[in-house]
């Protein structure tokens, strides 16, 4: 199950990018053909940025 903000691009391909988000040496992920640059993560929470916008990904136990 996925949740996203109403104005956020399609996250259909995000499942392929999630391992990159939480890898030991992340460089960024691609969502809807847009590259988001890695900022930080703590193992359960990852932050990415694209220009003035950004996103956070949170791992949940569901």
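Numbering (this note's numbering), first residue to last: 81 to 142.
We put the CB at the ideal spot given by N, CA and C, even for glycine.
Please name the residue in 84, 111 and 105 whose C-alpha comes closest to that of residue 122. The shortest CA-to-CA distance from residue 122 to any of 84, 111 and 105 is the one to 105.
To the nearest angstrom, how far is the alpha carbon of residue 84 from that of residue 94? 11 Å
From residue 110 to residue 120, what distance separates their C-alpha atoms? 16 Å
With H, G and I counted as helix, E and B as strand and the rest as coil, what does DSSP make of residue 112? Under the three-state reduction of DSSP output, residue 112 falls in the coil class, being neither helix nor strand.
Comparing C-alpha positions only, which one of 132, 86 and 125 sits nearest to residue 140? 125
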